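Reviewing the structure listed below.
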Amino acid sequence: MNRIGLRSVRAHAARFIMSVLAVALGVAFVTGTFALREMLSSTFDELVNASSTADAYVRVPGESMDDLYAVGATTGGVPIAATDALAAVDGVESVIPSVTGPATLVGADGTAVRSTQAPSFVMPYYPDDPGMGTLTGRIPAGPDEVVLERHTLDSSGLAIGDTTKLVVLGHVSDVTVVGAADFDAPMAGATIVLADAATVEAAFAPTGVVSTLTVYAQDGVSEDDLVRRLAAVAPAGSEVVSGTTMREELKGQISEQLGFVSTFLLVFALLALFVGAFIIANTFAMSVRQRMREFALLRAVGASPAQAFGSIVVQAAVIGVVGSAVGILGGFGLVTGIGAVFERMDMTLSNRVPLSATTVVVGLLVGTVVSLVAAAVPARRAALVPPVEAMRDEVTVNERSLHRRGWAGLVLLVAGAASLVAAALWPDSGQSGLLLGLGATGLVVGVLVVGPVVVPAVVRTLAAPAVALLRPVGRLARGNVVRNPRRTASTAGALTIGMALVGAAAVLAASTEASVRSVVETEFHVDYVLTAQAPDTIAPEVVDEITGLPGVDGVYGLPRTTVTVAAGTESTTDGVVGLDPAMLGTVMTPQKLVGPVAEVLAGGGAVVDTLTAEARGWQIGDEITLTSATGAHDYTIGGLIRSAGLGAPVAVAPEQLDRLVPPAQQLDTTVSVVAAADVDHTALRQAITEVVAPLYVVSVQDADEFVDGLAAQVDQMLTILYALLGLSVAIAVLGIVNTLAMSVIERTREIGLLRAVGLGRLQLAGTITTESVLTAVCGTAIGLATGVAIASVFPRLFADEGMNTLAVPASSLVAMLVLAVLVGVGAAVWPAVRAARLPVLTAISTE
Amino acid sequence: MVTTPELDPVRAADALLEPIASARGLTKVHGSGEAEVHALRGIDVDLARGELTAIMGPSGSGKSTLMHCLAGLDRPTSGTVVVDGLEVSSMSERKLTKLRRTHVGFIFQAFNLVPTLTAAENITLPLDIARRPVDRARFDEVVEAVGLTDRLSHKPAELSGGQQQRVACARALVARPAVVFADEPTGNLDSHASGEVLGFLRRSVDSLDQSVVMVTHDPRAASYAHRVLFLADGLLVAELVAPTQSSVLAALANLDGYSRAGSLAGGQR
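Quick note, the sequences are listed as chains A and B, same order. Just so you know, the first sequence maps onto residues 4 to 850 in my numbering. Just so you know, the second sequence maps onto residues 2 to 270 in my numbering.
And the structure:
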């Protein structure tokens, strides 16, 4: 029996290639996800190992990785002066303060040296820092000399000896490149500038306080010994941790971040596999149906049902293994390709090829199991065929009633909808995320289960124009699509899944955009906005210069920093923003104001965000203590405020913020400019642009452009989503091609008959193309409807995050339908050509 | 075994009319080299207008191949076929497709109907394909003649075998084709249904003025024809006019006596 199964696969190889491809694609994605994660993980591991090489660290407790490239110490600090005392400890080789801050380097072509997503910063060159790598050239000896990291030098187009500009904290200065540093690990595209130590300290640690002191031990000293000795001498309020602990912490934090990304990707991988399973199930269902007579014969000569079942299972296993093998290769190829792409974008990743036994085994297992499970149902049907069917000329396949399926699907749909409604009605319960997930899954699975019941009606509606306009092709096509609702639903189901997600994503993006627009338009009234991308900041000097321009009525920044906020017994790390009371009612019209907010701010008090207050149980009159690098400061909560643009839970007047953190260390990424009533806007904009141009990282936008810019960020994320969903659509297309090809084979006699009564080859191709388009559009329409339904609860769920409008992007949805038509046409090409080429005589001859 | 045709006066006039289909020197060879099969070895035949002609012979005699060539479904290796004045053997596929819509009708042994269309839609199928309007009077005439007036909205799965064949007959005739080719139309039917279909085919020739060419192995079916042509080993070997079931049986028995060397109607090349 096994031999028959295997021979059959060889004989009908073409039939199974589609299934193999489907499995391969799904497994490639799974493997690729695992491999990518490993590659990223090892890249960052190497990065951490190379950049955190010390044996011990003296630092402020509670520091998180977010501050790794932030502007200096904020929540507290270790005085640089302690370096001497610590260096004197027995066994210490050197103590290096950790001072870094954002900087923009201008390359040879006059643009900023920057690769997307990677940081750009300046750090001091300490000659006795063992982590400095190998230096070519010389050490920077003043504020106008810098050394560049090797990759930074390469991508800047500069050479040692060239002069260029460096922008630090809003100041542009001319610098000369005097050397290049080769670090031991890939820097993943970061732009790293090494400058004279005194200059960097003055910029980013003006009060003489840093977040961490790095300690290197002499040979032969153990980390634990070192930690003990240092702890005895460490300044008050700081903690000493070993290098190993520090590295583990960093790696842990990175791994957490990577975890989200890889979970996200894994979900899509599983989606791809799920879709692939559809195709395999379909393929086997059709192939079994065609060979019913053969199975009946086998049963008639004495094969047991188990043996018939087994022969199909063997085929499924072969497809699974072959598909998985191809998929694994594909996955690794994919990741290598991604690495190469990153390489070209100047972001070098780890050189280690992420080939691990686990990944290979997982890929093989997943692909094979999916194939086996997908083939199980048709296999069962073949096993149970009565032997007498072998004698019949025409094998009847009794279509089981769709009743049970209809009811099951309906139950799922109702349950899913109920879960979504529950999530929308109680958005503040901790379960809303879970309810959303369950509801979405229930709805999608319910739609798939109830598919065969619903598809005929949907197809009839969609086919109406074709039937009316393309005679008789339209009616023939419609008849073919409707005659086997299970098969059509199964084929279209793959597209349904992908399109449901696309639909939901499109609504989410459109609603986010609309909400952002509406919030900005109601709450903000500005003429121009200056923006910078964190951790870059807009320096106070820039604000002053623009204030001095003619035609400018007012310039208001929103500088912020991070401090420790203690209220009662609880203490958390939160942001604090410097809110100028003059902004209220002019530039900013908050959603909600409780208490005399403007007076409170002007009087030196603090106001708190309404949602944060609710969450933490704070009220007007409560005392809070803000602890920063300059010490602890007490405030009384004098009012509550709710505004989407605030950016932090606590607000004080800008003068108060200066007490907490020196202005040079505050982060300001949004500065609003109000113009005078009758000013010449073209001239004013020109003037503002001239002020910020040398800074390279500050953009000028008018109100509309600002909103458009925010919308564009949302679109960017949507593109990534579309790319991932494109994979499931690709698999779905394979499914359609597969079904069509096999149904052409099944209908050979019917096609012969049609040709014999005069159906032209073009008309025949048209029939098949119309079938394909109907299937694709049906799946897409159902999927989009489901996706929009799921997304309709988003505004209720995400109201706190600022989503207040539900926007259904009709144009995007229509574009998806058009895409479905194109997909249908494309998928039909090969089957239609095959059918048209069938010689009439072969088709109508018996057997 | 040729008998002189016993002509009745009406038939005499008809016999002088041009044949509806004719073949000259028709040969068909399948395969090549050692696996060569000569399905037709040079056939000259005229099929009369306004008659039901049956083509009979043992399996492997080439009768189906002959019909396929006559109908334009297959291209002969050599020789010519003319149907209703058109040279079919040299027509392009596109022209042949057009021919099949309204000039030539087909009835097969099985799988005659498109399962997703109703009986009425199946009947008008060739006209729909040709985008020609359906002559309602003709449609009603044909439907009534096959006796399916009350089954028009049924799908083929809801019709019996005999009814399906009758729908196929109606379809073949509704466009008033020049000639109808039927390949074993009663092969799958029981005797009652066979009788109905054969009766209808004969009636269509007699009263609806059609010409029908039928391939069959059933002597009873052949007895409904005006003329029976006998093939053996790719050659036309005998002809029988005004056949009865027993005369056909006798002729078939005699066919065994013919070897490749002997032939009567049609030359040998």
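Glycine residues also receive a C-beta, built at the ideal position from the N, C-alpha and C atoms. On a predicted model such as this, the values are computed, not experimentally measured, just so you know.
Using a Cβ-Cβ cut-off of 8 Å, His69 of chain B counts as an interface residue toward chain A, since at least one Cβ of chain A sits closer than that to its own. Excluding residues up to 5 positions away in sequence, Leu713 lie with their Cβ nearer than 6 Å to the Cβ of Val519 of chain A in the same chain. Here Glu226 of chain A has Asp58, Ala59, Ser245, Gly246, Thr247 as same chain residues with Cβ atoms under 7 Å from its own Cβ, once five neighbours each way along the sequence are excluded. If the five residues before and after Val510 of chain A are omitted, its C-beta is found closer than 8 Å to the C-beta atoms of Gly790, Val791, Ala794, Ser795, Phe797, Leu809, Ala810, Val811, Pro812, all from its own chain and listed in chain order.
A contact is defined here as three or more CB-CB pairs under 8 Å, and the stretch 155-164 of chain A fails this definition with respect to the stretch 212-219 of chain A. If you draw a straight line from the Cα of Val780 of chain A to the Cα of Val115 of chain B, it is about 24 Å long. In this structure, the CA atom of Val175 of chain B is about 34 Å from the CA atom of Gly43 of chain B. In terms of beta-carbon proximity, Val82 of chain B stays away from the interface with chain A, with every pair separated by 8 Å or more. The way I'd put it, the stretch 675-689 of chain A does touch the stretch 529-543 of chain A; three or more beta-carbon pairs between them come closer than 8 Å. Proximity of Pro455 of chain A to chain B, defined by a Cβ-Cβ separation below 8 Å, is not satisfied. With the rule of 3 Cβ pairs closer than 8 Å, the stretch 72-88 of chain B does not count as touching the stretch 128-147 of chain B.
Chain-order list of chain A residues neighbouring Lys99 of chain B: Gly761, Gly763, by C-beta distance under 9 Å. Here the alpha carbon of Ala284 of chain A sits roughly 22 Å from the alpha carbon of Leu446 of chain A. It is roughly 47 Å from the alpha-carbon of Asp612 of chain A to the alpha-carbon of Asp131 of chain A.
Thr34 of chain A and Gly366 of chain A do touch by the CB rule: their CB atoms are close to 4 Å apart, below 8 Å.
Cβ proximity to chain A below 9 Å picks out Gly106, Phe107, Phe109, Gln110, Ala111, Phe112, Asn113, Leu114, Val115, Pro116, Thr117, Leu118, Glu122, Thr125, Leu126, Pro127 from the stretch 106-127 of chain B. Among the bridge pairs identified by DSSP, Pro390 of chain A is matched with none. Look at Leu561 of chain A here: in three-state DSSP terms it is coil, with no helix or strand label.
By the beta-carbon neighbour count (other beta carbons within 10 angstroms, threshold 16), Trp621 of chain A is buried. Here Ala280 of chain A really is in contact with Val373 of chain A; their C-beta atoms are around 5 Å apart, less than 8 Å. Against chain A, the CB of Ile44 of chain B has no partner CB under 8 Å away; the residue lies outside that interface.
Fewer than three beta-carbon pairs drawn from the stretch 541-548 of chain A and the stretch 584-599 of chain A are found closer than 8 Å, and the two stretches are therefore not classed as touching. For Ser97 of chain A, same chain residues with a beta-carbon under 6 Å away, outside a window of 5 residues either side, are Asp131, Tyr219 in chain order.
Leu670 of chain A is positioned such that its CB atom lies closer than 8 Å to that of Arg563 of chain A. By the Cβ criterion, the stretch 36-54 of chain A is in contact with the stretch 261-277 of chain A, since at least three pairs of Cβ atoms, one from each stretch, lie closer than 8 Å.
In the DSSP assignment, Thr444 of chain A falls outside any beta strand (DSSP E) and lies within the alpha helix (DSSP H) extending over 435-472. Interface residue (Cβ-Cβ distance to chain A less than 8 Å): Asp129 of chain B is classified as such. Taken through DSSP and simplified to helix, strand or coil, Glu52 of chain B comes out as coil.
Using a Cβ-Cβ cut-off of 8 Å, Arg132 of chain B is close to Arg474 of chain A, given in chain order. From the listed residues A:Val264, A:Asp177, A:Thr751, the smallest Cα separation to Gly113 of chain A is found for A:Asp177. For Ala306 of chain A, there is no enclosing alpha helix (DSSP H), as DSSP marks it with neither H nor E.
Under DSSP, Gln704 of chain A shares a beta bridge with A:Val532. Asp185 of chain A is positioned such that its CB atom lies no closer than 8 Å to that of Thr155 of chain A. Here Ser493 of chain A has Phe281, Ala284, Asn285 as same chain residues with Cβ atoms under 7 Å from its own Cβ, once five neighbours each way along the sequence are excluded.
Gly235 of chain B: not part of any alpha helix (DSSP H); DSSP gives it neither H nor E. If one requires a minimum length of 3 residues, the beta strand (DSSP E) runs lying completely within the stretch 94-134 of chain A are 95-101, 123-128, in chain order.
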